[in-house]
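Chains as they are written, first to last, in this note's numbering: chain A, 7 to 1221; chain B, 38 to 202.
Following this line, the structure appears as structure tokens:
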């Protein structure tokens, strides 16, 4: 029977071939889209194929329908892809990964070349086939293209077939006996092609260096899965087979290299696997083998059954080919997500090598969240990486669970979809035999039992100590910094859940293994909490319009991938365990146009989704975007010259302000009086209205101060042009900020919106006036730092009033003297605004700050914004929220009121365990952010994170996420230093390290007590805490202005984790030898990847040049004896002496080193939203101290060096 | 017995006020406890909450001083202080000694309240912090217990004095 099946498969593939025609895929594509997009029935043609790769087919089908009928989607710039000449794989990869998906790497991988075609088709569809949804654009179009590509849709099949290289090469090289040549080659092609591509990639890279850094993965996340899949298939086959395979692959690879690199686009496109290369650049194949050897069992057990094509036939070649095909199919089928065929997510930047290798075993069941994150809405900063759970599987997955998974879990999944969606195919009859119904039943509705059992098996195996628990002797091991950025630990979940899990970029927990009881948590001495970045710019995001938003009836949890379906009609909430009915509408899956598959709805397939909310979610009609600018025009402000920059930026970005036709804008200026501007349409010029009664402020003409941006654009432009010069001769030195804010509040209260306040000095008049509290002599005091709290509650109350009227106040403080930020910041803190501080700002004396203001403003004005938002965080019963950190007003125990929400806002939440979690093996956290988009739509963005529960202390340590821990501690320390004292907060930070390390060392009894040992997961903990103690916010003994300190504290509370970590522990790179470094390819550019250096002066050599990435600023430090060529090429000056003191830009010099440096710098810049300012530093530069203060491993007069700090800790631990 | 005499005197001097005030103390505590409980279980918005617990500036302006006394926290402190003064006048050292710790606590509590322009103790922005909320609740229960016990103690004293005289 099996043989016959095999044959069938082959035949199918051949059919495909015939259909598609192996040549010139693009053309085919072009023809296809019309029929394909508009009439799903057309699919029937490839139906044969469906049967073969049922899941995939289903997925594609889904996608189509999705796109066409269901989802309004945003299409994220298909143009690029289409346009992209097939330059190099890597280039393609990166682009794709950035823009389109992180989807299934596999798909993507395969899609790449084809993507051109696919995408074009998709886009084409958009325009033509999408009728009513045109407004929204398609999110899913991407998925369509990718899935289609991978699926071996007729269209694809072209592409696949196209891989002439592979088919041709493959049989020849590796499997000479390939008598069934064409057929087999065919089969192989479709699946294994990626491998080829990948290998090719590998070669490319191998030349560079073995240690392709993680960043590689980030950018070229795709296709590694494919590799893996092949690998795994190889695994499943006998070892020898797999070795054959790899060899063959390698050969293919070679061939391609030599001859056919550019020969086929498809190849390019297919090769995504760069990420895979990482482990050992040239040896991806070998690594694959290794992995297979490592974990052969699971796949073995699962394989035979799930893959219809397990080779039983004598013909080796055929066998192999079949194996491949079968396996891939299998894979596809096993992927639970209908939208995504099996693929890992690209995200990989964080993943570590071992895990990646190991993952091969699990890939089979892996299907990641399909992320179509919308780039459009994102307004600008598409994230380089995609958001998805990282695919790293647990190396120690027990075999039982594993075995059951691909089989019971994954494979069956696809069945229903495929049966429903795909037209009956010749193969179908045979399939049932292989996949009995009972198999797919559990899969479809994985009961809690199942989940728990499979997960229970996953708990860390003690026989094999996980990497994260490896003891590290801190005092001896000096090189603890990773080569590139520190990865986020991956929850120890089964691979299905892992794939579905929320991206660590948006949602991170300090302990990825949740302790079972509060007692255990207390024993671990680590804080439990969440780090959130909920409104992050995402490049792809599934946006779902549905009439009924399905939520748990008792706890109101949104339905999410971690709920369990008891049967078709009922689902069990994963937070409160209530059993709910599945509403009628939810039964219908618009993707498959099938009924009775609630588990395949996108809500259940993605842990990050955005729902378009109905009117039930509105208390009032969605507000328009309203922006009010409150500008200080006192003498001080005019002197500083910020008005020009602000007005200029506004003028430039006036059209890019997020909003719709209702957008309104207004201006208020103030010195000792408050000036309003009447911009009513019809006036010949803006009219200034001065209100001098600041004790009882009123609005002179309430109706015409906030005007429609589009109707009064000319007047607004006039005003912006005139404003900088209007106050040039002012002699008014007072500042009536309080009254101006009151006026702004009155103006905004009918609608709500955003107030942007620009202030340059201490408010000195009217309500809310402040007095200088800073004693400059105390700046470097080691004892008491006072006045970290507000001096008055005026600003806090104002903020609360604003918050009640859905108005946020954003504060830009540009001052040269003390301005009591501690008091002023309250106005933003409690109204969910943001705070920017530019110490000693002057437009000409301090060009770096001016440039920074300019860049920040550009981002600020154009970034996405959500109005009248609330965010609720729910968690599994037993857990409760302890404290929130960030800028917001807490309205009830789990509800944050956010008048505005911006994509750069991060939040932290401390959690506590109220009831023992013994009866559950998983806990989930769900963040729901309900907001009004700038287009007046009410939307809900839901993130769901799922984590395992553990009962042993060792497991808790194994799952510790050191970065999240440090960020949460920083937040807590800020609170502590305000409520108690700075010294207290510092002690608490040190104690956090001491306690947790002591607790760890007491659990590991076999360790020598005289040494300072940390688990590998926490090896950076002391370093980060030391960095925190030397950070502006918490340092003592070093002269720190009070405002700087308070600003640093505000940042700690409101920055998302990624940015915060850079603030705490900057990254140092050596950049004078970038040419020798390994590189990755991003958007046509070659980006070198220098290793991270320790933050210590010992690393700074006079011969070198170093770049320090502090998040908001880049320092480039140049050693005295730095190579003149570097100075000449990169900096554009003949020698060291001639480099100017204030240099903020790298010139464009036509030299390789210059190009590399610039591409490296811009790559670093791209990864964050606020584009940092660059500062070149020489030894005699005054900014040098700033730079050296960041070298936190060194001793300063007031603080320990890292080594001393360790000794100090050791002393305390041993006490 | 001295204290009981004092109770008697107190009672003789101002029986209505005395019992009313003691009841007020208890009931205000109960209300406060309920308020915090409501907060914790999410029925109320903390801004509303803190407005019932502290008079805001506008209310202070509008409403007379007498009315402030009806607000919960401050009057409670004042009444308790008043008791202490009365005990002092009556030279009831034992009872005064029992009440001194609470008086000291009240003074400390009010001195260390969050920065705010009006009278009041609770800051709506921090009250949702689990630690603070739990603390307030615990404080409420402890004080309620204390007031109840002292209520019965005073009652006992009063009756004893009545009977023995």
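Where a beta carbon is used, it is the ideal one built from N, C-alpha and C, also for glycine.
Query                                                                                                                            : Result
Unbroken beta strand (DSSP E) run spanning residue 758 of chain A, endpoints                                                     : Looking at the DSSP string, residue 758 of chain A is not in any beta strand (DSSP E), and its letter there is neither H nor E.
Short CB-CB distance (under 9 Å) between residue 803 of chain A and chain B                                                      : yes
Any 3 or more C-beta pairs closer than 8 Å across the region 828-843 of chain A and the region 903-916 of chain A                : yes
Beta-carbon spacing of residue 149 of chain B, residue 799 of chain A below 9 Å                                                  : no
Beta carbon proximity, residue 4 of chain A to chain B, threshold 9 Å                                                            : With chain A covering 7 to 1221 only, the question about residue 4 of chain A has no answer from this structure.
Beta strand (DSSP E) segment containing residue 576 of chain A, residue limits                                                   : 576-578
Where the alpha helix (DSSP H) containing residue 942 of chain A begins and where it ends                                        : Premise fails: residue 942 of chain A is in no alpha helix (DSSP H) and is neither H nor E.
Per-residue contacts from residue 799 of chain A into chain B (C-beta, under 9 Å)                                                : 151, 152, 153, 154, 155 and 160
First through last residue of the alpha helix (DSSP H) which encompasses residue 962 of chain A                                  : 959-964
Distance, residue 147 of chain B Cα to residue 177 of chain B Cα                                                                 : 15 Å
Helix, strand or coil at residue 608 of chain A according to DSSP, with G and I counted as helix                                 : helix
Between the CA atoms of residue 517 of chain A and residue 525 of chain A - distance to the nearest angstrom                     : 15 Å
CA nearest to the CA of residue 1000 of chain A, picked from A:923, A:1221 and A:791                                             : A:1221
Residue 193 of chain B burial status per 10 Å Cβ neighbour count (16 or more: buried)                                            : exposed
Given 8 Å, three or more beta-carbon pairs between the region 595-614 of chain A and the region 938-954 of chain A               : yes
Chain A contact for residue 100 of chain B (CB, 9 Å cutoff)                                                                      : Because the pLDDT of residue 100 of chain B is 31, which lies under 50, any placement of that residue in the model is unreliable, and the question is left without a value.
Inter-residue spacing [alpha-carbon to alpha-carbon] between residue 565 of chain A and residue 871 of chain A                   : 25 Å
Partner residues on chain B for residue 889 of chain A, Cβ-Cβ distance less than 8 Å                                             : 166, 167 and 168
Contact between the region 1047-1061 of chain A and the region 966-985 of chain A (3+ Cβ pairs under 8 Å)                        : yes
Residue 892 of chain A and residue 875 of chain A closer than 9 Å at C-beta                                                      : no
Other residues of its chain near residue 1218 of chain A: CB distance less than 6 Å, five sequence neighbours each side excluded : 1000
DSSP three-state assignment for residue 1128 of chain A, whether helix, strand or coil                                           : coil
Beta carbon proximity, residue 936 of chain A to chain B, threshold 9 Å                                                          : no
Cβ pair residue 742 of chain A, residue 677 of chain A closer than 9 Å                                                           : yes
Alpha helix (DSSP H) runs contained entirely in the region 645-732 of chain A, provided each spans 4 or more residues            : 648-659 and 719-732
Distance, residue 598 of chain A Cα to residue 423 of chain A Cα                                                                 : Annotation note: pLDDT 31 at residue 423 of chain A (below 50); position unreliable, no value reported.
Environment of residue 180 of chain B [buried if 16+ CB atoms lie within 10 Å]                                                   : buried
Cβ shell of residue 1167 of chain A (< 8 Å), same chain only, five flanking positions each side left out                         : 1113, 1120, 1152 and 1180
Residues near residue 667 of chain A in its chain [Cβ-Cβ closer than 7 Å; skip 5 each side]                                      : 716
Inter-residue CB distance, residue 664 of chain A and residue 608 of chain A (contact presumed, cutoff 8 Å)                      : No, residue 664 of chain A and residue 608 of chain A are not in contact; Cβ-Cβ is about 25 Å, not under 8 Å.
6 Å Cβ shell around residue 699 of chain A - same chain, five flanking residues per side excluded                                : none
Amino acids of chain B, ordered along the chain, whose beta-carbon sits closer than 7 Å to that of residue 895 of chain A        : 162
Cβ contact (3+ pairs, closer than 8 Å) linking the region 699-708 of chain A and the region 622-636 of chain A                   : no
Same chain, Cβ closer than 7 Å to residue 1141 of chain A, neighbours up to 5 away in sequence not counted                       : 1130 and 1133
Residue from A:887, A:761, A:921 and A:658 whose Cα sits closest to the Cα of residue 166 of chain B                             : A:887
Contact with chain B by residue 745 of chain A, beta-carbon distance below 9 Å                                                   : no
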